[in-house]
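Just so you know, the protein sequences line up as chains A and B, in that order. Just so you know, the first sequence maps onto residues 1 to 232 in our numbering. Just so you know, the second sequence maps onto residues 233 to 464 in our numbering. Built from N, CA and C at the ideal position, the CB exists for glycine as well.
2 protein chains.
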Amino acid sequence: MKEKEYLPHIAFDSVIFGFSENKLKILIMKYHNTGLFALPGGFVRRDENLNDAVRRGLKERTGLDNIYLEQFYTFGDLTRFKPEVMKTILEASGYDVNEYDWMLNRFISISYYALINYKNKDVVLKPDALSDSCDWYDVQELPALMLDHKQIVEKALQTLRDNLERKLVGVNLLPPLFTMNDLQKVYEAILGEKLRRTTFQRKILGLGILQRHEKQYSGKAHKAPFLYSFKA
Amino acid sequence: MKEKEYLPHIAFDSVIFGFSENKLKILIMKYHNTGLFALPGGFVRRDENLNDAVRRGLKERTGLDNIYLEQFYTFGDLTRFKPEVMKTILEASGYDVNEYDWMLNRFISISYYALINYKNKDVVLKPDALSDSCDWYDVQELPALMLDHKQIVEKALQTLRDNLERKLVGVNLLPPLFTMNDLQKVYEAILGEKLRRTTFQRKILGLGILQRHEKQYSGKAHKAPFLYSFKA
DNA sequence: AGTTATTGTCTCAATTTGTGACAATAATAA
DNA sequence: TTATTATTGTCACAAATTGAGACAATAACT
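Written as structure tokens, this is what we have:
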């Protein structure tokens, strides 16, 4: 990771949302030997579009191409400039800080959120060279995060809520086939409140964006629900 | 404007909205001897918050402090890297390009929109060292803009529309006292469509955010409207 | 065969929004 | 001084949307 490859002072961070067990989750990395938790992020190559850099980072962390991605804010306060934190991380992984001193500079962070299907078999989580792990955490039960990453997550969540109606958020968090109840759970997790079943069903069906499929015997002791997919 | 003062590769652009003659306007600068039009922008000092840099730029261009400001997108494609354009601008103003070669680098642009009261007596528009003019243009009748600035304006407008309900946009574009009709014209200019008078009035009053004042004789040949201000 | 939990659909009430009507009134014209 | 004109504030009713519950249907379990 040579200095000359990357634009200095510019970083990105990704809040990668998944949905499992009726909970919203995000990917968090844990740095070697430090107890520090952080969002997955990275730097922008000099010959690379910003958006492509983020896609590259996502691919490296999750193994997925073609992830749904939305830029939501660029953080540029001086308060996020804490060179000693990055120094600690580098040293804890046995790196020579002198060689990587450009990483101790001030960075602004362009932040994105991504939505992925937790159940997707192609997902292979992979920590980077500085990290022990890259794993799912319940949004409601995050560990303390480094720098302003907690604030970044908050803003991601806020934007996700604001976009919920306008941007078909549900699509990207669910598998190709799902029940109306699955979709409702996604909405409830994002909004943080219970919704009324009948009203929800009427509203979603009214949008005309769902394709109804054959019922599938649910394995549960009650009437089997329809399965749906999103129309192209 | 020395290189060492500023973060390299990082710029900001501002879409500064005003409202006059029932039209949405924005501030556009015209560079010396080039026929090139652009959004007002600037660079971030190494010891300065990103948001403060933008406020500083706004103050320099308009003379105003405390402007309503909203960040909306960061543009980072390689297609916006056209060093010859900046070279032309510098040379046309008689600058030594060698001294300012850092300005010919690739930049990402963090973009903001600002809302100001066009009638505010404190507004003093001031071009920068490279420009002939800094002036209002009707959003619907912009000259050709350099680089991706047209696209930036489009995205600003789109965000402004999306925020119209949620963020009291009207407040910042009008003088302290205004009529219901004034406010309606603002909404119509932003949305690009006529609204129904009675429905609009009922909705706005229903929000409970307006303070009603004494009527003012309007000078027009009809019943005088109430004046309103926004509650603190 | 009966029980249980959940689903799909329907109905009616409550609320919000669309649409026009109408009296009030400030300036202007007669 | 009185009528005319344009626009305002408010109301009333219709149309549409949303809230809330009722109820029959049904897959699996007892």
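Cα-Cα separation, A:Asp138 to A:Asp148: The straight-line gap from Cα to Cα measures roughly 18 Å.
Chain B contacts from the region 76–98 of chain A (Cβ-Cβ distance under 9 Å): Result list: Gly76, Asp77, Leu78, Thr79.
Within chain A, partners of B:Gln390 - CB distance below 9 Å: Ordered by position in chain A, no residue passes the 9 Å Cβ test against B:Gln390, which lies about 11 Å from the chain.
Given 8 Å, three or more beta-carbon pairs between the region 115–122 of chain A and the region 99–107 of chain A: No, the region 115–122 of chain A is not in contact with the region 99–107 of chain A.
Residues of the region 41–52 of chain A with Cβ closer than 8 Å to any Cβ of chain B, in chain order: Within the region 41–52 of chain A, the residues whose Cβ lies closer than 8 Å to some Cβ of chain B are Val44, Arg46, Asp47, Glu48, Asn49, Leu50, Asn51, listed in chain order.
A:His9, enclosing beta strand (DSSP E) - first and last residue: Here the beta strand (DSSP E) through A:His9 covers 6–20.
B:Thr306, enclosing beta strand (DSSP E) - first and last residue: That run of the beta strand (DSSP E) goes 300–307.
Status (buried if at least 16 other CB within 10 Å, exposed otherwise) for B:Val356: Note on B:Val356: under 16 other CB atoms within 10 angstroms of its CB, so exposed under the neighbour-count rule.
Beta-carbon gap between B:Arg293 and B:Lys358 smaller than 8 Å: Cβ distance < 8 Å, so B:Arg293 and B:Lys358 count as in contact.
Residue(s) in a DSSP beta bridge with B:Gln443: Among the bridge pairs identified by DSSP, B:Gln443 is matched with B:Ser461.
Chain-ordered neighbours of A:Pro8 on chain B, where CB pairs are closer than 9 Å: Within chain B, the residues near A:Pro8 are Leu239, Pro240, His241.
From B:Ser341, B:Tyr449, B:Met318, B:Ala270, residue whose alpha carbon lies closest to that of B:Thr411: Selected option, being the one with the closest Cα: B:Tyr449.
Cβ-Cβ distance between B:Phe244 and B:Ser341 below 8 Å: Yes, the pair counts as a contact, with Cβ atoms nearer than the cut-off.
B:Ala285 versus B:Ser343, B:Ile384, B:Val401, residue with shortest Cα-Cα distance: If we check each option's Cα against that of B:Ala285, B:Ser343 comes out closest.
Beta-carbon proximity of B:Thr240 to A:Pro8, cut-off 8 Å: A small correction: the amino acid at residue 240 of chain B is Pro; Thr does not occupy that position in the sequence shown. Taking 8 Å as the Cβ cut-off, B:Pro240 and A:Pro8 qualify as a contacting pair.
Nearest-angstrom Cα separation, counted from A:Arg56 out to B:Met378: Looking at the two C-alpha atoms, the distance is approximately 29 Å.
Closest residue to B:Ile258 among B:Leu374, B:Lys236, B:Leu439 (Cα-Cα distance): Closest in C-alpha terms to B:Ile258, from the list B:Leu374, B:Lys236, B:Leu439, comes B:Leu374.
Candidates B:Leu409, B:Ala324, B:Lys319, B:Tyr327: closest to B:Asn337 by CA position: The shortest C-alpha separation from B:Asn337 is found at B:Lys319.
Amino acids of chain A, ordered along the chain, whose beta-carbon sits closer than 8 Å to that of B:Arg338: What B:Arg338 touches in chain A: Leu7, Arg46.
Beta carbon proximity, A:Ile110 to chain B, threshold 8 Å: Under the Cβ criterion of 8 Å, A:Ile110 is counted among the residues facing chain B.
Same chain, Cβ closer than 6 Å to B:Tyr305, five either side skipped, listed in chain order: Correct list, in chain order: Ser343, Lys387.
From A:Lys223, A:Glu193, A:Asn172, A:Ser229, residue whose alpha carbon lies closest to that of A:Phe234: No answer is possible for residue 234 of chain A: it lies beyond the span of chain A, which begins at 1 and ends at 232.
Span separating the alpha-carbon of A:Glu193 from that of A:Lys185: Rounded to the nearest angstrom, the two C-alpha atoms are 10 Å apart.
Residue-chain proximity (B:Thr306, chain A), Cβ-Cβ < 8 Å: A Cβ of chain A is located within less than 8 Å of the beta carbon of B:Thr306.
Residues near A:Val169 in its chain [Cβ-Cβ closer than 8 Å; skip 5 each side]: Around A:Val169: Leu115, Leu160, Asn163, Val186, Ile190.
Separation of B:Tyr238 from B:Glu446, as counted between CA atoms: One alpha carbon belongs to B:Glu446, the other to B:Tyr238, and they sit about 51 Å apart.
Length at least 4, wholly inside the region 340–404 of chain B: the alpha helix (DSSP H) runs in chain order: Listed in chain order, the complete alpha helix (DSSP H) runs (minimum 4 residues) inside the region 340–404 of chain B are 381–395.
Close-in-space but distant-in-sequence residues of the same chain around A:Ile152 (CB under 7 Å, 5 per side omitted): For A:Ile152, where only same-chain residues beyond five positions count, the Cβ hits under 7 Å are Asp13, Val15, Leu39, Phe75, Ser111.
Exposure label - A:Glu48; buried when at least 16 CB within 10 Å: Around the beta carbon of A:Glu48, 16 or more other beta carbons lie within 10 angstroms, which makes this residue buried.
N-terminal and C-terminal residue of the alpha helix (DSSP H) that A:Gly57 is part of: Here the alpha helix (DSSP H) through A:Gly57 covers 50–62.
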